[in-house]
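Visitor:
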Amino acid sequence: MISERLKKVILAKLKLDEFDIHDVTLANEIPGWDSLNHISIIIAVEKEYNIRFKMPEVLKLKNIGELQKLVDSKIST
Amino acid sequence: MLFNSANFLFLFLPAVLLLLYVVGTLKKQALIPLLLFIASMVFYYQSNPLFVPILLVSISINYLLSRAIINSFLCRRNIWFYAALLFNITYLAVFKYLNIFGLHLFSLLGISWSPVAISAPLGISFYTFIQIAYMIDIYSGDDDEKNPLFYALFVSNFAYLTAGPLVRYCQIKETLKGKLLGILSSENLAKGLTLFAVGLFKKAVIAQSLSEIVNPVFSAAALQVKLIYWETWIAVILYSFQIYFDFSGYSDMALGIGLMIGISIPWNFDSPYRADNIVDFWRRWHITLSNWIKDYLFTPVNYTLTRFGLGLNINSSIVSNAAYYGATLSSMFICGLWHGASMTFVLWGVSHGVLISINRLWTEFKNRLKLHIKSRFSCVLAQIVTFLSVTMTWVLFRSDNMATAKSIFASLSGSNGLYVPGRLLAVLGPLRPLLQKSGFFDAGNTAKNNVLPTQFDTGYILILLFISAFIVWALPNTKDIFEINGSSQNARMPGKIFGIGEWTPSIKWSCISAVLIVTAVLYAGTISEFIYFKF
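Below, the structure is given as structure tokens:
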């Protein structure tokens, strides 16, 4: 389940008003999320939650659900 | 052994398929990976017996390193991972770049150096990149391969060993592990054979015909002959088509062979010249390489640079832009170097990095001014600009050295004059007297010797140009026709011109593949190497 907080960060970074984001949504299915914006969004998420990803974690992300899981695991530790 | 050689077509491939069939009927499926591995080694041995041990050493050491990464933790795991990266980069550097770099380095130091008498092993860039990706993937937590035979087959399968596509373990592990697409299922065989036939036709008939016109012009440029403006433009545009038909033809053949032997190989091309910007071009051209560059170079470099910049408390928008341009230029520099250790390839890569950067600047400019141009005209114009930009970079790619490239660019820019040769005037009809009277095109002309062989008349060249352009821009591509993984999206199909729709096991498609194969075999008077074989 994608939290409202994560959704808000992503949409704000992409300057989108609304977009239906699910666990299985792929980054490139969200308008504007391409290799150009990818890192800016990852960094914005890090900033919002005050966490830091490792390079292999960034490379491994396959969809938004995995990003949410990664964020959750970082917050809980 | 080349895919378009008689040995491969009439001996090797039928023998492999027959053995697969025998093993399948005897219900000895477990032998298939071993059979395919031996076949791959026989295939590779034919190119040069010395290359086989070089490949096997790379596979063995990488296998051991991958096991060490998987079986260790924390600090040791990192050490093994970086050792694996270092090993692969060094291995590639020694076999591919040592001679060239050694020559430059020693000449700088004033020491004489005689290059080592070994040519770069066929496909070394491909199998090294495949293994680097594998190491990064397993280090990031993806599935690994425990069985050394499966690992060796994953790296060395003859379908993609010599010139790609750059497969990833996760993309083919299911089909590698015996969950085959169906051993010699009649539908996959027929489909694979048709795909192979299309690729063979692209290579042996179209790319071959185009090369006969392109080669004399580039050879003359290498000898510093002053080239005629129009001939150079024609040759440069035809080369754009040649490299597309050559390499996408090769990839089609690889995918076709994959289907026949039951391995699902990812697509490598998707009508790249229909791209309306340079980023889109790289999503469609050599897709497996551009994904490799994006995932294993661009993203890590971009992330590291951004983190570094933010750590210095610099404005985040400046950091994000600087990191993007830095990552783009360095990734494309490596991409150029991967193709070869020469200034022409490096400049080719960097010029693509510059084009991608211009694309970002243009996109930001449009966003700032809230310009949203989406007319049919602007789309066609964008496609033409993208095609011409890519065509200009191919000049660097095709030239043997910088002097040749300079000579071609000089002629393209009109510095040898804009002389229109009589043979072209002859087909211009009513424009002819106008051009002749004006005398404009003769002014300042210094190049009057035709370089193109006289047996090719202008009509033939224009027909070739038209046919190539028609296939590239109007016909459905092989990905549209043969979507292999069962996710055919016919909405993409740009009109079913001449009834060429999705592939079905039908009389129509068997006739098409028969005609393509027979024409290609009859046409292939001289077997020519694939352009991408030298990488």
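Top to bottom, those sequences are chains A and B.
In this text, residue positions in the first sequence follow numbering that gives the first Met the number 0: the first is 0, and each later residue adds one.
In this text, residue positions in the second sequence follow numbering that gives the first Met the number 0: the first is 0, and each later residue adds one.
Each residue gets a CB set at the ideal place from its N, CA and C atoms; glycine is no exception.
Predicted model, so just to flag it, every value in this text is computed and none were measured.
1. Does the CB of residue 299 of chain B have a neighbour CB from chain A at under 8 Å?
2. Return helix, strand or coil for residue 332 of chain B, following the three-state DSSP convention.
3. Quick check: what's the CA-CA separation for residue 574 of chain B versus residue 72 of chain A?
4. Please state if the CB of residue 233 of chain B and the CB of residue 354 of chain B are separated by a distance shorter than 8 Å.
5. Please name the residues in the segment 278–303 of chain B whose beta-carbon is closer than 7 Å to at least one beta-carbon of chain A, in chain order.
6. Report the residue ranges of all beta strand (DSSP E) runs contained in full by the segment 54–132 of chain B; include only those spanning at least 3 residues, in chain order.
7. Establish whether the CB of residue 139 of chain B and some CB of chain A are separated by less than 8 Å.
8. Measure the alpha-carbon distance for residue 315 of chain B versus residue 49 of chain A and round it to whole angstroms.
9. Is residue 256 of chain B close to chain A, meaning its C-beta is less than 8 Å from at least one C-beta of that chain?
10. How about residue 58 of chain A and residue 32 of chain A: do their beta carbons lie closer than 8 Å?
11. Would you identify the three-state DSSP class for residue 358 of chain B, choosing helix, strand or coil?
12. Mind the definition here: the segment 38–55 of chain A touches the segment 280–296 of chain B only if three or more C-beta pairs lie below 8 Å; say whether that holds.
13. Under 8 Å by Cβ, that's how I've got residue 410 of chain B and residue 228 of chain B pegged, so tell me the actual separation to the nearest angstrom.
14. How many whole angstroms separate the CB atoms of residue 239 of chain B and residue 389 of chain B, which I take to be in contact at a CB cut-off of 8 Å?
15. Between residue 83 of chain B and residue 134 of chain B, how many whole angstroms is the CB-CB distance? I'm expecting something under 8 Å.
16. Excluding five sequence neighbours on each side, which residues of the same chain lie with their C-beta closer than 7 Å to the C-beta of residue 8 of chain A?
17. Return no unless some Cβ of chain A is closer than 8 Å to the Cβ of residue 305 of chain B.
18. Go ahead and label residue 331 of chain B buried or exposed: buried means 16 or more other beta carbons lie within 10 angstroms of its beta carbon, across all protein chains shown.
19. With 8 Å as the C-beta to C-beta threshold (strictly closer), list the residues of the segment 125–138 of chain B near chain A in chain order.
20. Looking at residue 87 of chain B: is its Cβ nearer than 8 Å to the Cβ of residue 127 of chain B?
21. Within 10 angstroms of its Cβ, does residue 562 of chain B collect 16 or more other Cβ (buried), or is it exposed?
22. Could you have a look at residue 473 of chain B and say whether DSSP puts it in helix, strand or coil?
23. If you draw a straight line from the C-alpha of residue 520 of chain B to the C-alpha of residue 193 of chain B, how long is it?
24. Under 8 Å, CB to CB, which of the residues in the segment 37–52 of chain A have a partner in chain B?
25. What distance in whole Å lies between the Cβ atoms of residue 32 of chain B and residue 107 of chain B, which are believed to be in contact at a cut-off of 8 Å?
26. Quick check on this structure: which residue in B:297, B:268, B:226 and B:223 has the alpha carbon closest to the alpha carbon of residue 244 of chain B?
27. Taking CB distances under 8 Å as the criterion, tell me whether residue 319 of chain B reaches chain A.
28. Taking the continuous alpha helix (DSSP H) assigned at residue 292 of chain B, which residues delimit it?
29. Taking 7 Å as the cut-off, is the beta-carbon of residue 405 of chain B closer than that to any non-hydrogen atom of the ligand NAP?
30. Below 8 Å between beta carbons: does that hold for residue 318 of chain B and residue 309 of chain B?
31. Under 6 Å Cβ to Cβ from residue 471 of chain B, same chain only, skipping five residues before and after it: list those, please.
32. What runs of the beta strand (DSSP E), each 3 residues or longer, lie entirely inside the segment 226–274 of chain B?
33. Find out if the Cβ-Cβ distance for the pair residue 216 of chain B, residue 231 of chain B is shorter than 8 Å.
34. Whole-angstrom Cβ separation of residue 199 of chain B and residue 252 of chain B, contact assumed at under 8 Å?
35. Nearest-angstrom Cα distance between residue 64 of chain B and residue 43 of chain B?
Guide: Taking the geometry as given:
1. Yes - at least one Cβ of chain A is within 8 Å of the one on residue 299 of chain B.
2. Three-state DSSP puts residue 332 of chain B in a helix.
3. The structure shown does not extend to residue 574 of chain B, since chain B is modelled only from 0 to 534, so the question has no answer here.
4. No. Outside cutoff.
5. Correct list: 293, 294, 297, 298, 299, 301 and 302.
6. Runs found: none.
7. For residue 139 of chain B, at least one C-beta of chain A is nearer than 8 Å to its own C-beta.
8. Spanning the alpha carbons of residue 315 of chain B and residue 49 of chain A requires a straight line of approximately 16 Å.
9. Among the residues facing chain A, residue 256 of chain B is not included, as its CB has no counterpart in that chain under 8 Å away.
10. Not in contact: residue 58 of chain A and residue 32 of chain A (Cβ atoms no closer than 8 Å).
11. Residue state, collapsed to three classes: helix.
12. With the cut-off at 8 Å, the segment 38–55 of chain A and the segment 280–296 of chain B do not touch.
13. A Cβ-Cβ separation of about 6 Å places residue 410 of chain B in contact with residue 228 of chain B under the 8 Å criterion.
14. In this structure, residue 239 of chain B and residue 389 of chain B form a Cβ contact; the two beta carbons are roughly 7 Å apart against a cut-off of 8 Å.
15. Their Cβ separation, rounded to whole angstroms, is 4 Å, which keeps residue 83 of chain B and residue 134 of chain B in contact under 8 Å.
16. The residues 43, 44 and 47, in chain order, have a CB closer than 7 Å to that of residue 8 of chain A in the same chain once the five nearest residues on each side in sequence are set aside.
17. At least one chain A Cβ lies under 8 Å of residue 305 of chain B.
18. Around the beta carbon of residue 331 of chain B, 16 or more other beta carbons lie within 10 angstroms, which makes this residue buried.
19. Closer than 8 Å at the C-beta level to chain A, one finds these residues of the segment 125–138 of chain B: 135 and 138.
20. Yes, these two residues count as a Cβ contact at 8 Å.
21. No statement about residue 562 of chain B is possible, as the shown extent of chain B runs from 0 to 534 and does not include it.
22. Residue 473 of chain B falls in the coil class under three-state DSSP.
23. Distance between the alpha carbons of residue 520 of chain B and residue 193 of chain B: 14 Å.
24. Near chain B, meaning a CB-to-CB distance below 8 Å, the residues of the segment 37–52 of chain A are 37, 38, 39, 41 and 42.
25. At roughly 48 Å, the Cβ-Cβ gap does not stay under 8 Å, so residue 107 of chain B and residue 32 of chain B are not in contact.
26. Comparing Cα-Cα distances from residue 244 of chain B to each of B:297, B:268, B:226 and B:223, the minimum goes to B:268.
27. With 8 Å as the cut-off, residue 319 of chain B counts as an interface residue toward chain A.
28. Looking at the DSSP string, the run of the alpha helix (DSSP H) that includes residue 292 of chain B is 286–292.
29. No copy of the ligand NAP appears in this structure; indeed no ligand is present at all.
30. Yes, these two residues count as a Cβ contact at 8 Å.
31. So the list reads 272, once near-sequence residues are dropped.
32. Along the length of the segment 226–274 of chain B, whole beta strand (DSSP E) runs at least 3 residues long do not occur.
33. With respect to residue 231 of chain B, residue 216 of chain B sits close: the two C-beta atoms are nearer than 8 Å.
34. The beta carbons of residue 199 of chain B and residue 252 of chain B sit about 6 Å from each other, so the pair counts as a contact at 8 Å.
35. Each residue's Cα considered, the two are about 24 Å apart.
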